[in-house]
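Colleague:
Chains as they are written, first to last, in my numbering: chain A, 8 to 370; chain B, 8 to 370.
1. Is the Cβ of residue 17 of chain B closer than 8 Å to any Cβ of chain A?
2. Would you mind sorting residue 286 of chain A into buried or exposed? The rule is 16 or more other CB atoms within 10 Å of its CB.
3. What did DSSP end up calling residue 273 of chain B once you bin it into helix, strand or coil?
4. Got a sec? Which residues, its chain only, sit under 7 Å from residue 87 of chain A by beta carbon, not counting five neighbours each side?
5. Using beta carbons (cut-off 8 Å, strictly below), is residue 358 of chain B in contact with chain A?
6. In three-state DSSP terms, what is residue 82 of chain A?
7. If we call anything under 8 Å between Cβ atoms a contact, is residue 24 of chain A one with residue 42 of chain A?
8. Return helix, strand or coil for residue 315 of chain A, following the three-state DSSP convention.
9. Is residue 51 of chain A helix, strand or coil by DSSP?
10. Quick one: what does DSSP say residue 102 of chain B is sitting in, helix, strand or coil?
11. Got a sec? Which residues, its chain only, sit under 8 Å from residue 170 of chain A by beta carbon, not counting five neighbours each side?
12. Could you name the residues of chain A that residue 59 of chain B contacts, counting a contact when the two beta carbons are closer than 7 Å?
13. Please report the residue range of the alpha helix (DSSP H) in which residue 152 of chain B lies.
14. From which residue to which residue does the beta strand (DSSP E) around residue 222 of chain A run?
15. Using a Cβ-Cβ cut-off of 8 Å, state whether residue 29 of chain B counts as contacting chain A.
16. Does any residue of chain B bring its CB to less than 8 Å from the CB of residue 130 of chain A?
17. Say whether chain A places a C-beta atom closer than 8 Å to the C-beta of residue 338 of chain B.
18. Please compile the residues from chain A whose C-beta is within a distance smaller than 9 Å of the C-beta of residue 197 of chain B.
19. Consider the Cβ of residue 177 of chain A: report whether some Cβ of chain B lies at a distance smaller than 8 Å.
20. Report yes or no: is there a C-beta of chain A within less than 8 Å of the C-beta of residue 291 of chain B?
21. Nearest CA to the CA of residue 185 of chain A: which residue from A:334, A:271, A:251 and A:359?
22. Terminal residues of the continuous beta strand (DSSP E) containing residue 161 of chain A?
23. Under 9 Å between beta-carbons, which chain B residues line up against residue 212 of chain A? List them in chain order, please.
24. Nearest CA to the CA of residue 145 of chain A: which residue from A:135, A:126 and A:156?
25. Closest Cβ-Cβ distance between residue 369 of chain B and chain A: below 8 Å?
26. With DSSP as the reference, label residue 95 of chain B as helix, strand or coil.
27. Under 8 Å, Cβ to Cβ, is there at least one residue of chain A near residue 26 of chain B?
28. May I ask you to report which of helix, strand or coil DSSP gives residue 279 of chain B?
29. Does DSSP put residue 217 of chain B in a helix, in a strand, or in coil?
30. Does the beta carbon of residue 279 of chain B sit closer than 8 Å to a beta carbon anywhere in chain A?
31. For chain B, find out if any of its Cβ atoms is closer than 8 Å to the Cβ of residue 218 of chain A; answer yes or no.
32. Between which two residues does the beta strand (DSSP E) holding residue 346 of chain B run?
33. Looking only at C-alpha atoms, which of A:138, A:79 and A:227 sits nearest to residue 121 of chain A?
34. Under 7 Å Cβ to Cβ from residue 331 of chain A, same chain only, skipping five residues before and after it: list those, please.
35. Thinking residue 223 of chain B and residue 241 of chain B are a contact (beta carbons under 8 Å), I'd like their distance in whole angstroms, please.
36. What in chain A is Cβ-close to residue 237 of chain B, meaning under 7 Å?
So, in structure tokens, the structure goes:
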């Protein structure tokens, strides 16, 4: 049924669909539903503490024997300097004034922990079938320990150079994250967001460059995109935004409503919410401060100063200061439960692939 | 053989491949070769005078009875103010000094004429089977005259909103120009290049939005990309960069060499060469002045002040100040004659489509 079974065989899954790990936007419920349906559910761990990781992974294990993925960030934490913090606070001060908030009362940034020895020990304990990384890979000793658990290791590449780097370090598959993708870009060698390639260009070039299976990500939200990914040489897809429409997604009503109104040309890469470029729906803070603010302190510190503004705005129903993560194909989203969505995506893709060999398909 | 014949039937061509019109980079030889091979050859007219258009079209007609396309720009010419010119000259002055050139000796910008009544009369005379526009459409009276010749009318959309606008005005097919595409972006309603969607996201959303056939463009340079375009719902593709590798392309040796060394992450959208955003390989002037220079005067005036720098640099074999137009998939380019390339692309795509229905294809 699938033209390329390399990912299915590698991960021992039935459907070539990985639910993208989206920190803060989905947990065990989303991952369980996708894994139960035959795709690969992913538990994003970067914003969880160890107890939460353990609890969430336990819930998934309890509900399905199918493989699932635990996802970790591999950024090198950089502390913001006092000068950077001050510049950022100053940049945002007019919004604090407008909201009647005290900019001295800024809380720490949302927790985004880089993969470390403790998290590695937890992986050794939980033994997820798949571990995926974002922003590169952990240090070799930790990577070896993960590998020794038997887990298949995935990571994202936004360029051919990043894909080669990952393949040289032994990943089992490369996620080709195209420009279209929502949320944080996995870029770790590349620094220039203006030179990031789209999926159509990126996937075949990565397929040509590495031996391991390639997973297409970015702008894929229905069966057409999945079929196209296979046409480009991918062995599967990773889908994020489409899963934000499911009831299992843990996003705010404001975020959900914004996604329902989204169009193709209403997202940008912005660093205002965390300090690293990520794609989200354009809102007031992006328009007025970003999309790329020179003053934003390094990841993840930028988020701290926005938190009070976000909380105040959301109280009155506004997403003006919220990170409304979205890829470029949100308009293709459908309101389905995550298991049903997974099955529908696979079924639509399969049908689409069947139509491509000279049948009477007319769009 | 093709899963969707709408474009083939509409344009009465044999292969669903349109050679992108690339002003300055290809003329009658390229268009003829592609049309003879069964694709749609395109003659870019924006940088030609009427005598040249007539001569070039005559050469194509003489060599093939197959349909061909004449392409025109529909920008609204905006004269640069003296202040804009002065700011731009000042911005480039250090380069003039370095090259020992006199910045007061700037010649007019390369001629880029917007479609007008005289060009329309020429279309009425030559009667190309297809007329394509870039940057929107001409005024209704001129469009009606083009239509009255029997020509099929195409134009590019970079967003769903632009596609709807074109469809409402009666184009026969919409070219969905994704972010990956080389050369000038056709954007005419959109102004924000940071929000431009990639092909993977753009094509299915435009297919859903308009009734007419959709042609995918951007990052497509081999059979995989063509097959993927069909998977997304497109009825054909427009390919530019891959044709720059053919001997029929009229680009400089410097440009050709740069394309042969290109990688996926070495192009950006820049306005430094013309004043409008266009994708090209990153070179010195882009790095040091762009990619988007606030001082660049409106299209096409920005090119004037660069011309002497370009000429001087190229004399010593350097492309530091040349517009090295390229999409994001130049690395997939092959050195074939344009007719052979057209046939190879179609054959590869056809084979690829055949493999997508559960055959043993393993990439």
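Glycine is no exception: its CB is placed at the ideal position from the N, C-alpha and C atoms.
Modeller: Let me spell this out:
1. Here the question's residue 17 of chain B lines up with position 10 in the second chain. Not one chain A Cβ lies under 8 Å of residue 17 of chain B.
2. Start at 1 with the first residue of the first chain, and residue 286 of chain A comes out as number 279. Residue 286 of chain A comes out buried.
3. As a working mapping, residue 273 of chain B is identified with position 266 in the second chain. Reduced to three states, the DSSP call for residue 273 of chain B is coil.
4. Translated into positions along the first chain, residue 87 of chain A becomes position 80. For residue 87 of chain A, where only same-chain residues beyond five positions count, the Cβ hits under 7 Å are 304, 305 and 308.
5. Counted from its first residue, the second chain places residue 358 of chain B at position 351. By this cut-off, residue 358 of chain B is not an interface position.
6. Here residue 82 of chain A is taken as the residue at index 75 of the first chain, counted from 1. In the structure shown, residue 82 of chain A sits in coil (DSSP, three-state: anything other than H, G, I, E or B).
7. By 1-based counting over the first chain, the position of residue 24 of chain A is 17. By 1-based counting over the first chain, the position of residue 42 of chain A is 35. Not in contact: residue 24 of chain A and residue 42 of chain A (Cβ atoms no closer than 8 Å).
8. To locate residue 315 of chain A, count along the first chain from 1; it is residue 308. The answer is helix: DSSP assigns residue 315 of chain A an H, G or I state.
9. Taking the first residue of the first chain as position 1, residue 51 of chain A is located at position 44. Strand, per DSSP.
10. For the purposes of this step, residue 102 of chain B is taken as residue 95 along the second chain, with counting starting at 1. The answer is helix: DSSP assigns residue 102 of chain B an H, G or I state.
11. Reading the first chain from its first residue, position 163 is the one you call residue 170 of chain A. Result list for residue 170 of chain A: 164, 181, 183, 213, 216, 217 and 221, in chain order.
12. In the second chain, the residue the question calls residue 59 of chain B occupies position 52. In chain order: nothing, as chain A lies at least about 33 Å away.
13. Locating residue 152 of chain B in the second chain gives position 145, counting from the first residue. First-last of the alpha helix (DSSP H) with residue 152 of chain B: 147-155.
14. For the purposes of this step, residue 222 of chain A is taken as the residue at position 215 of the first chain. First-last of the beta strand (DSSP E) with residue 222 of chain A: 221-224.
15. Your numbering for residue 29 of chain B matches position 22 in the second chain. Taking Cβ atoms only, chain A never reaches closer than 8 Å to residue 29 of chain B, which makes this a no.
16. As a first step, residue 130 of chain A is located in the first chain; it is residue number 123 there, counting from the start. Answer no: the Cβ-Cβ gap between residue 130 of chain A and chain B never drops below 8 Å.
17. Counted from its first residue, the second chain places residue 338 of chain B at position 331. Answer yes: the Cβ-Cβ gap between residue 338 of chain B and chain A drops below 8 Å somewhere.
18. As a working mapping, residue 197 of chain B is identified with position 190 in the second chain. Going along chain A in sequence order, the residues near residue 197 of chain B (Cβ under 9 Å) are 272.
19. Indexing the first chain from 1 puts residue 177 of chain A at position 170. No - not a single Cβ of chain B is within 8 Å of the one on residue 177 of chain A.
20. As a working note, residue 291 of chain B is residue 284 in the second chain. Output row for residue 291 of chain B: interface = no.
21. Sequence index remark: in the first chain, residue 185 of chain A carries index 178 (1-based). Of the listed residues, the one whose Cα sits closest to residue 185 of chain A is A:334.
22. Here residue 161 of chain A refers to the residue found at position 154 when the first chain is read from its first residue. Here the beta strand (DSSP E) through residue 161 of chain A covers 159-164.
23. Here residue 212 of chain A is taken as the residue at index 205 of the first chain, counted from 1. What residue 212 of chain A touches in chain B: 270, 271, 335, 336, 338 and 339.
24. Sequence index remark: in the first chain, residue 145 of chain A carries index 138 (1-based). The shortest Cα separation from residue 145 of chain A among A:135, A:126 and A:156 belongs to A:126.
25. Against the second chain, residue 369 of chain B aligns to sequence position 362. Note on residue 369 of chain B: pLDDT 43, under 50, position unreliable in the model; the coordinate value appears next. True, the Cβ-Cβ gap to chain A drops below 8 Å.
26. Residue mapping note: residue 95 of chain B aligns to position 88 of the second chain, counting from 1. In this structure, residue 95 of chain B counts as helix in the three-state DSSP scheme.
27. On the second chain, position 19 is the one that residue 26 of chain B refers to. Residue 26 of chain B does not count as touching chain A.
28. On the second chain, residue 279 of chain B is found 272 positions in, with the first residue counted as 1. It is coil, neither helix nor strand.
29. The residue you call residue 217 of chain B lines up with position 210 of the second chain. Residue state, collapsed to three classes: coil.
30. As a working mapping, residue 279 of chain B is identified with position 272 in the second chain. Not closer than 8 Å to any Cβ of chain A, the Cβ of residue 279 of chain B fails to qualify, so no.
31. Translated into the one-based positions of the first chain, residue 218 of chain A becomes position 211. So no, residue 218 of chain A is outside the interface.
32. The residue labelled residue 346 of chain B in the question sits at position 339 within the second chain. Run containing residue 346 of chain B: none in the beta strand (DSSP E); it sits in the alpha helix (DSSP H), 345-362.
33. As a position in the first chain, residue 121 of chain A is number 114, starting the count at 1. Checked all of A:138, A:79 and A:227; the closest Cα to residue 121 of chain A is A:79.
34. Taking the first residue of the first chain as position 1, residue 331 of chain A is located at position 324. The answer, listed in chain order, is 262, 265, 287, 288 and 290.
35. Locating residue 223 of chain B in the second chain gives position 216, counting from the first residue. Locating residue 241 of chain B in the second chain gives position 234, counting from the first residue. Residue 223 of chain B to residue 241 of chain B, Cβ: 4 Å. Contact.
36. Taking the second chain and counting its residues from 1, the one referred to as residue 237 of chain B is at position 230. Result: 363.
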